[in-house]
Structures are given as C-alpha cells and as structure tokens.
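Chains as they are written, first to last, in our numbering: chain A, 3 to 115; chain B, 10 to 121. Remarks on the structure that follows.
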C-alpha cells in the first residue's frame, strides 16, 4: 500500500524556537496533504490542507503565521511551528489520500519546554 | 451538529464479549466510509472500509445505514489486543482530494 513518512517522530524544543516537521509520500504523488493535531485523549483535529504549488488552506482558529506550511513538491509538505510555546505541545500527524484510503505519517510528538 | 459524531466511550468490556458502536454523519451525500483504529501515541490505521452492502472481516463487521445516516462496527469475541480508539471516517462528496472528516473516536478497553 501507499506509504507516508513523517519526520521527526519526536522533538523537544525550547520556548520561542521554531520546529519543522516533514511529511513525504514515498510511493505516490500527493497534490494535497493534510495536517492534524491531537491533544491527549482527544480526536484528530484538522489544522490545514496543504496544496502543492499554492497556499495552504487553514481551518478556523488556526494561525497561518504561526503554523507555516510549504508544499513545494508532489511528495513533500512541511509544517513549521514558529515561536513555539508550551501550549503548542501536541501530537502532529500528516495525511495524504491515495484514493479512497487516507494514509498517515507516523506522527510527531512535539514538546515545548 | 457535527459532521461526524461518535460516542466517545470508554467502552469497558470483558474479553470474549461482543461490542458494537455507531457513528452518525450529517452529509447525506457522503459516499465513502471507513473505520480506523488508533493505538495510544500512534497514527490511525485503516481497519476496514464500509460498503453499502456491509462487510465482514473475521471478528469485525461494518454496516452502513443510509436512511438513518450512520455506520456501525461490531466486534465479536473481543481480544485484549482490540483495546484502542476506533475512529469513524467519512469522505464527503466533492473533488477527488476532498478532505476526510474524523469522528472524535470511541475508546474501547477490553479487560481480562
């Protein structure tokens, strides 16, 4: 089946720094990728839709200047959490659809200290 | 009303029991439905697709009720390893790259 690879799987950073998370589709092209955030014991919440070659579409309440998304190629989307704060600590997961199934990256556990 | 709704649980049942949970969706034109399983601190993985005619995979049975707009998942002879969160997923109509909608998940805990 299709594979989506996400990196890093775990990152700890200091408050105020920026963190970049990569999401790659390994054996298929993904013009659209999705970024989710999941807090403990809560469901996946869609943050934004990443579109290859154009601007990302952000969900209501998600700050586009804080969560920078770049989808520069058909196999790579990146999410950069800028000026991270402890409340940004969460599990971030990317996804791409290889119709009709959605495939997920392994997730990135971000801890901001 | 949420686009996809699930009972969050937790469902706590003994090993060997049969357990079922439902998921309702609001968009009557939705075409694709799935159940995903998510283990703690892991990414969701596809458990099974839900077809109009219903489908069965071993101990798992998924059904779709279009008239009432819900899908269901039945687990028979539950095992300890079935403990997880089960996510209902609906792919609304639209472009081929439509975003999928997740339910909040139902937590299932199987006890010895």
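From the three backbone atoms N, C-alpha and C, an ideal C-beta is built for every residue, glycine too. Keep in mind it's a predicted model, so treat the numbers as computed, not measured.
| Check | Outcome |
| --- | --- |
| If the cut is a Cβ gap below 9 Å, which residues of chain B does residue 109 of chain A touch? | 50, 51 and 52 |
| Since residue 108 of chain B meets chain A, which of its residues come closer than 7 Å, beta carbon to beta carbon? | 36, 48 and 51 |
| Please compile the residues from chain B whose C-beta is within a distance smaller than 7 Å of the C-beta of residue 102 of chain A. | 41 and 100 |
| Under the rule that 16 or more other beta-carbon atoms within 10 Å means buried, what is residue 40 of chain B, buried or exposed? | exposed |
| Alpha carbon to alpha carbon, how far is residue 105 of chain A from residue 16 of chain A? | 31 Å |
| What residue does the beta strand (DSSP E) around residue 36 of chain B start on, and which one ends it? | Per DSSP, residue 36 of chain B belongs to no beta strand (DSSP E) and is neither H nor E. |
| CB-CB under 8 Å to residue 25 of chain B, same chain, minus the five flanking residues each way: which ones, in chain order? | 86 and 87 |
| Is the stretch 54-63 of chain A close to the stretch 89-101 of chain A, with three or more CB pairs under 8 Å? | no |
| For chain B, find out if any of its Cβ atoms is closer than 9 Å to the Cβ of residue 14 of chain A; answer yes or no. | no |
| Could you check whether the stretch 18-33 of chain B touches the stretch 75-94 of chain B, counting it as contact only if at least three pairs of C-beta atoms, one from each stretch, sit closer than 8 Å? | yes |
| Quick check on this structure: which residue in B:13, B:113 and B:66 has the alpha carbon closest to the alpha carbon of residue 33 of chain B? | B:13 |
| Pop quiz: residue 21 of chain A and residue 98 of chain A are said to be a contact at Cβ under 8 Å. What is the actual Cβ separation, rounded to whole angstroms? | About 21 Å separates the two Cβ atoms, so there is no contact after all. |
| Are the Cβ atoms of residue 48 of chain B and residue 115 of chain B separated by less than 9 Å? | no |
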